[in-house]
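Our numbering numbers the first residue of the sequence shown as 7 and each following residue consecutively.
Every residue gets a Cβ at the ideal spot worked out from N, C-alpha and C, and that includes glycine.
On a predicted model such as this, the values are computed, not experimentally measured, just so you know.
These notes concern the structure reproduced below.
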Amino acid sequence: MSGLDARALRRDFPILERTVHGRPLIYLDNAASSQKPRQVVEAMVAYYYNHHANVHRGAHTLSTEATDAYEAARTSVARFVHAPEARSVVFTRNTTEALNLFVSSWGGAHLREGDEVVVTVAEHHANLVPWHFLKRARGIVIKAVGLTEDDRVDLDALEAALGERTRVVSTFHMSNVLGTINPLRRIADLAHGVGALFVVDGAQGAPHLPVDVQSIDCDAYALSGHKMLGPTGVGALWARAEVLESMPPFLGGGEMIRKVTVEDSSYAGIPARFEAGTPAVAEAVGLAAAIDYLEAVGMEAVAEHDAALARYALDRLDGVDGVTLYGPHGDDRGGIVTFNIDGVHPHDVATALDAEGIAIRSGHHCAQPLGRALGTAASARASFYLYTTEDEVDRFVDAVVRTRDFFAAFA
Ligand SMILES: Cc1ncc(COP(=O)(O)O)c(C=O)c1O
Numbered sequence: 007m008s009g010l011d012a013r014a015l016r017r018d019f020p021i022l023e024r025t026v027h028g029r030p031l032i033y034l035d036n037a038a039s040s041q042k043p044r045q046v047v048e049a050m051v052a053y054y055y056n057h058h059a060n061v062h063r064g065a066h067t068l069s070t071e072a073t074d075a076y077e078a079a080r081t082s083v084a085r086f087v088h089a090p091e092a093r094s095v096v097f098t099r100n101t102t103e104a105l106n107l108f109v110s111s112w113g114g115a116h117l118r119e120g121d122e123v124v125v126t127v128a129e130h131h132a133n134l135v136p137w138h139f140l141k142r143a144r145g146i147v148i149k150a151v152g153l154t155e156d157d158r159v160d161l162d163a164l165e166a167a168l169g170e171r172t173r174v175v176s177t178f179h180m181s182n183v184l185g186t187i188n189p190l191r192r193i194a195d196l197a198h199g200v201g202a203l204f205v206v207d208g209a210q211g212a213p214h215l216p217v218d219v220q221s222i223d224c225d226a227y228a229l230s231g232h233k234m235l236g237p238t239g240v241g242a243l244w245a246r247a248e249v250l251e252s253m254p255p256f257l258g259g260g261e262m263i264r265k266v267t268v269e270d271s272s273y274a275g276i277p278a279r280f281e282a283g284t285p286a287v288a289e290a291v292g293l294a295a296a297i298d299y300l301e302a303v304g305m306e307a308v309a310e311h312d313a314a315l316a317r318y319a320l321d322r323l324d325g326v327d328g329v330t331l332y333g334p335h336g337d338d339r340g341g342i343v344t345f346n347i348d349g350v351h352p353h354d355v356a357t358a359l360d361a362e363g364i365a366i367r368s369g370h371h372c373a374q375p376l377g378r379a380l381g382t383a384a385s386a387r388a389s390f391y392l393y394t395t396e397d398e399v400d401r402f403v404d405a406v407v408r409t410r411d412f413f414a415a416f417a
């Protein structure tokens with residue numbers, strides 16, 4: 007199907023050998039969180055068995071080794087997103103925290119009443135709710151751009167929404183519901199054309215697509231480790247160094263200071279200024295191992311594999327009576343297939359599939375405004391990754407059709 011051998015890669019993921027309800031697990035909830043290869047777990051175990059101590063604080067050998075491992079992980083993230091320098095990578099817990107850090111710190115320092123932030127109706131709540139905080143605190147104006155008929159961001163509407171008060175354009179790399187891949191460079195040019203910053207929610211981009219923050223020309227990019235084969239508890243915010251330099255701290259405490267008196271404190275430079283307290287060192291080590299793994303497979307191959315599986319699933323489901331599909335058809339579509347079965351609640355669809363060992367997600371997918379725009383509060387979502395096989399997609403599609411037939415019998 008693509009240059010990637012999913013069957014061979016699966017051997018690295020022990021969880022994929024288990025059964026659920028007596029059936030082989032088919033894990034199609036990767037947009038929520040991916041599974042982890044042995045290499046990631048083993049890197050974390052090796053770190054704990056051999057090197058663990060607190061970072062940045064000690065003169066002793068273990069502390070130096072832990073610090074080196076942690077800083078090497080920062081370099082890995084920088085390399086992965088093609089950032090010009092590692093010091094502009096800030097470790098966070100996840101994308102949500104990365105976006106909150108940016109909005110609270112940069113937005114809090116630079117945005118005033120009446121300043122405008124442009125998003126789309128298809129954002130994850132992580133790229134909406136932090137802006138709502140600032141709307142309440144500062145009176146900023148949030149403008150949300152709609153979608154075209156084929157579930158792409160309406161770029162004409164986006165351009166029309168920009169003006170002299172626009173300070174930020176913030177949107178997703180790939181939609182976690184529609185699979186739509188945004189034309190980031192084009193949006194960056196539009197944003198920069200009015201002097202606004204361009205922020206990218208890369209929660210679905212970093213795991214599934216090649217990321218080059220320099221060719222995208224964004225000002226900030228947020229990602230989560232757990233969606234890209236890494237552990238939970240670690241993510242990152244990359245931002246241009248000048249942008250980070252202009253941001254005050256987010257949390258106060260150890261590690262982020264230069265000098266402290268009882269009365270006052272001065273702050274460390276970037277990135278330490280944003281990493282108060284003991285960080286998730288083992289998790290950063292795990293994320294670096296995940297990045298090594300993804301780089302060895304090749305992100306172009308991952309993107310091609312995911313997209314080919316989505317095309318295959320969409321081809322099979324398109325035209326199935328009683329099934330509604332969401333999202334665009336085309337090259338700008340990642341490995342996410344969101345759908346509804348007429349008259350069946352998506353939670354029931356997910357439960358029926360789970361009975362066959364197939365894990366999908368159902369609900370609003372943390373994108374309630376998008377649900378409103380699509381006219382459906384909830385939907386079912388299958389999301390693929392590098393270990394998903396065509397055979398699994400076949401079994402998923404067959405189960406969807408069986409579920410439709412099962413519920414039709416009671417209609
Ligand atoms: C597009 C998008 N943005 C943000 C997030 C939030 O990610 P996290 O829960 O890892 O912070 C998600 C998670 O599903 C997502 O899909």
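Which of the three DSSP states, helix, strand or coil, is assigned to Arg-241? The residue you call residue 241 lines up with position 235 of the sequence shown. The amino acid occupying residue 241 in the given sequence is Gly; Arg does not appear at that position. It is a strand residue.
What do you reckon, are the CB atoms on Gly-114 and Arg-80 nearer than 9 Å? As a first step, residue 114 is located in the sequence shown; it is residue number 108 there, counting from the start. As a first step, residue 80 is located in the sequence shown; it is residue number 74 there, counting from the start. It is not a contact, given that the beta carbons lie outside the stated cut-off.
Count the other CB atoms, across all protein chains shown, that sit within 10 Å of the CB of Asn-56; report buried if there are 16 or more and exposed otherwise. In the sequence shown, the residue the question calls residue 56 occupies position 50. Exposed is the call here.
What separation, rounded to the nearest whole angstrom, lies between the Cα atoms of Asp-400 and Ala-309? Locating residue 400 in the sequence shown gives position 394, counting from the first residue. Locating residue 309 in the sequence shown gives position 303, counting from the first residue. Between Asp-400 and Ala-309, the C-alpha separation is close to 20 Å.
Mapping the DSSP letters down to three states, classify Glu-18 as helix, strand or coil. In the sequence shown, the residue the question calls residue 18 occupies position 12. It is worth fixing the name first, because residue 18 is Asp in this sequence and not Glu. Asp-18: coil per DSSP, three-state reduction.
Quick one: what does DSSP say Asp-298 is sitting in, helix, strand or coil? The count along the sequence shown starts at 1 and reaches residue 298 at position 292. When DSSP states are grouped into helix, strand and coil, Asp-298 belongs to the helix group.
Buried versus exposed, by CB contacts within 10 Å (16 or more), Gly-325: On the sequence shown, residue 325 is found 319 positions in, with the first residue counted as 1. Result: exposed.
What distance in whole Å lies between the Cβ atoms of Val-240 and Ala-290, which are believed to be in contact at a cut-off of 8 Å? Locating residue 290 in the sequence shown gives position 284, counting from the first residue. Locating residue 240 in the sequence shown gives position 234, counting from the first residue. 5 Å between Cβ atoms; contact.
Three-state secondary structure assigned by DSSP to Val-303: Here the question's residue 303 lines up with position 297 in the sequence shown. If DSSP states are grouped into helix, strand and coil, Val-303 belongs with the helices.
Look up Thr-73 in the DSSP assignment and say whether it is helix, strand or coil. For this step, residue 73 is matched to residue 67 along the sequence shown. The answer is helix: DSSP assigns Thr-73 an H, G or I state.
The alpha helix (DSSP H) with Gly-377 in it runs from where to where? Counting from 1 along the sequence shown, the entry for residue 377 is found at position 371. That run of the alpha helix (DSSP H) goes 374 to 380.
Closest by CA to Leu-15, which one among Ala-302, Leu-196, Ala-316? To locate residue 15, count along the sequence shown from 1; it is residue 9. Leu-15 has its Cα closest to that of Ala-302, out of Ala-302, Leu-196, Ala-316.
With H, G and I counted as helix, E and B as strand and the rest as coil, what does DSSP make of Pro-213? To locate residue 213, count along the sequence shown from 1; it is residue 207. Looking at Pro-213 - three-state DSSP - the assignment turns out to be helix.
Cβ of Ala-38 versus every heavy atom of ligand 1: is any distance shorter than 8 Å? Residue mapping note: residue 38 aligns to position 32 of the sequence shown, counting from 1. Yes.
So who's on the other strand from Asn-346, going by DSSP bridges? The residue labelled residue 346 in the question sits at position 340 within the sequence shown. Partner(s): Thr-330.
Identity of the residues DSSP links to Ser-368 by a beta bridge: Counting from 1 along the sequence shown, the entry for residue 368 is found at position 362. For Ser-368, which the question treats as bridged, DSSP gives the partners Ala-386.
So, are the CB atoms of Ile-297 and Val-83 less than 9 Å apart? Position 291 of the sequence shown, counting from 1, holds the residue named residue 297. Position 77 of the sequence shown, counting from 1, holds the residue named residue 83. Contact: yes.
Are the stretch 151 to 160 and the stretch 208 to 217 touching by the rule of at least three beta carbon pairs closer than 8 Å? When Cβ pairs closer than 8 Å are counted between the two stretches, the stretch 151 to 160 is seen not to touch the stretch 208 to 217, the count staying below three.
heavy atom of ligand 1 below 8 Å from Thr-102 C-beta: For the purposes of this step, residue 102 is taken as residue 96 along the sequence shown, with counting starting at 1. Flag set: Cβ of Thr-102 near ligand 1.
Got a sec: does ligand 1 put a non-hydrogen atom nearer than 8 Å to the Cβ of Leu-105? Here the question's residue 105 lines up with position 99 in the sequence shown. Under cutoff, so the answer is yes.
Could you check what DSSP says for Ser-5 in three-state terms: helix, strand or coil? Only positions 7 to 417 of the chain appear in the structure, and residue 5 is not among them; the question remains open.
Is Val-123 closer than 9 Å to Leu-140 when the C-beta atoms are compared? In the sequence shown, residue 140 corresponds to position 134, counting from 1. In the sequence shown, residue 123 corresponds to position 117, counting from 1. The Cβ-Cβ distance between Leu-140 and Val-123 falls below 9 Å.
How far does the alpha helix (DSSP H) with Leu-190 in it extend, from its first residue to its last? Position 184 of the sequence shown, counted from the first residue, corresponds to residue 190. Run containing Leu-190: 190 to 199, per the alpha helix (DSSP H) assignment.
Within 10 Å of its beta-carbon, does Lys-42 have 16 or more other beta-carbons around it, so buried, or fewer, so exposed? In the sequence shown, counting from the first residue as 1, residue 42 sits at position 36. Of the other Cβ atoms in all chains shown, 16 or more fall within 10 Å of the Cβ of Lys-42; this residue is therefore buried.
In whole angstroms, what is the alpha-carbon distance linking Leu-371 and Thr-330? Counting from one through the sequence shown, the residue named residue 371 turns up at place 365. Counting from one through the sequence shown, the residue named residue 330 turns up at place 324. This sequence places His at residue 371; Leu is not what is there. Approximately 17 Å, taken between the alpha carbons.
So what does DSSP say about Met-7, is it helix, strand or coil? Along the sequence shown, read from residue 1 onward, the residue named residue 7 stands at position 1. In this prediction, Met-7 scores a pLDDT of 49, lower than 50, which makes its location untrustworthy; no coordinate-derived value is stated.
Could you tell me the alpha carbon to alpha carbon distance between Gly-119 and Thr-172, rounded to whole angstroms? Here residue 119 refers to the residue found at position 113 when the sequence shown is read from its first residue. Here residue 172 refers to the residue found at position 166 when the sequence shown is read from its first residue. Per the sequence presented here, residue 119 reads as Glu, with Gly not at that position. When rounded, the distance between both Cα atoms is 12 Å.
Of the listed residues Phe-280, Thr-357, Ser-176, nearest to Gly-259 (C-alpha basis): Indexing the sequence shown from 1 puts residue 259 at position 253. That would be Phe-280, whose Cα lies nearest to the Cα of Gly-259.
Examine chain B for any beta-carbon lying closer than 9 Å to the beta-carbon of Ala-309, and answer yes or no. Given the protein chain composition of this structure (a single chain), no chain B is represented.
Residue nearest to Thr-98 in terms of C-alpha spacing, selected from Val-147, Leu-134, Tyr-76, Ile-263: On the sequence shown, position 92 is the one that residue 98 refers to. Nearest neighbour of Thr-98 by Cα position, chosen from Val-147, Leu-134, Tyr-76, Ile-263, turns out to be Tyr-76.
Residues bridged to Arg-339 [DSSP beta-bridge criterion]: The residue you call residue 339 lines up with position 333 of the sequence shown. In DSSP, Arg-339 forms a bridge with Thr-186.
Can you tell me whether Ile-146 is helix, strand or coil according to DSSP? Translated into the one-based positions of the sequence shown, residue 146 becomes position 140. DSSP places Ile-146 outside both helix and strand once states are collapsed to three, so it counts as coil.
Where Ala-12 sits in the DSSP three-state scheme: Here residue 12 is taken as the residue at index 6 of the sequence shown, counted from 1. Under the three-state reduction of DSSP output, Ala-12 falls in the helix class.
Status (buried if at least 16 other CB within 10 Å, exposed otherwise) for Val-266: Along the sequence shown, one-based indexing puts residue 266 at 260. With fewer than 16 other Cβ atoms inside 10 Å of its own Cβ, Val-266 counts as exposed.
Report buried or exposed for Phe-264, applying the criterion of at least 16 other Cβ atoms within 10 angstroms of its Cβ. Numbered from 1 along the sequence shown, position 258 holds the residue referred to as residue 264. Checking the sequence shown, residue 264 turns out to be Arg, not Phe. The residue is exposed, with fewer than 16 neighbouring Cβ atoms inside 10 Å.
Extent of the continuous beta strand (DSSP E) run through Arg-173: Numbered from 1 along the sequence shown, position 167 holds the residue referred to as residue 173. Run containing Arg-173: 172 to 178, per the beta strand (DSSP E) assignment.
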